[in-house]
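Residue numbers (our numbering): 238 to 412.
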Amino acid sequence: MGYWGYFVVGRAERPLAELEALAGAADMTLRRSAPGGWQVWEFPGGDGDVGNMNDLAGQTGAPALFGYVMDSDCVVLEAAAPDSGAWTTCLARTAMAGYLGAERDGLTLEDYFLEPRDAAERAVAWAAEAGCAASAGELAEVLSDDPGAGAGAGAGPVAENLFFRFLDRLGVVPL
């Protein structure tokens, strides 16, 4: 069984875990910090309310991002920024489609998540608002990386690695 849980990414002068926006996730632990006040916190499991990324972005005045890892197979990415707004996509699309079912209530993966190219454009705007330079091509490459496609679950790098590659390409938390 793989990892289930959240990664919370934001920038603040004090620990993100102390902020009201994340009050429901009292058991978070600092996973990484990076220059400029960037922090990555981990909230293992899927139970409980990690908080609201829109509230976190508003409270810190900086972009925020949540990554919900599902059994180390795929990641739901939710991002928000005070000016450029919120967007949602995923990493490891084939595995995510498996979790959603081939089609649920007539909806497809694209009904839930931005496609890689569109998500990459939104991510570039998110990074710019964070004061970072990001390449849409490099972000789209990570967003399109599909380690489970054609090989079954468990093939290729775990979803957590894709998530941290994505943060690196955003320019906020280097590998």
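The beta-carbon is built from N, C-alpha and C at its ideal position, and this holds for glycine as well.
Check                                                                                                                                               : Outcome
One question on the structure: do A317 and A323 come within less than 9 Å of each other, judged by their Cβ atoms?                                  : yes
To the nearest angstrom, how far is it from the Cα of A390 to the Cα of E315?                                                                       : For A390, the predicted model reports a pLDDT of 46, less than 50, meaning its position is unreliable; a value from the coordinates is still stated below. Straight-line Cα distance between these residues: approximately 23 Å.
Rounded to a whole number of angstroms, what is the C-alpha to C-alpha distance between M238 and D308?                                              : 6 Å
Among the candidates A332, F303, R402, L253, whose CA atom is the shortest distance from the CA of G274?                                            : L253
Mind checking who Y243 pairs with in its DSSP beta bridge?                                                                                          : F280, Y305
Considering only residues of the same chain and omitting the five flanking positions on each side of A373, which have a CB-CB separation below 7 Å? : A357, E358, V361
Between the Cα of V410 and the Cα atoms of E347, N289, W278, D382, which residue gives the shortest distance?                                       : W278
Assuming contact is defined by CB atoms lying nearer than 9 Å, are V306 and A396 in contact in what I supplied?                                     : yes
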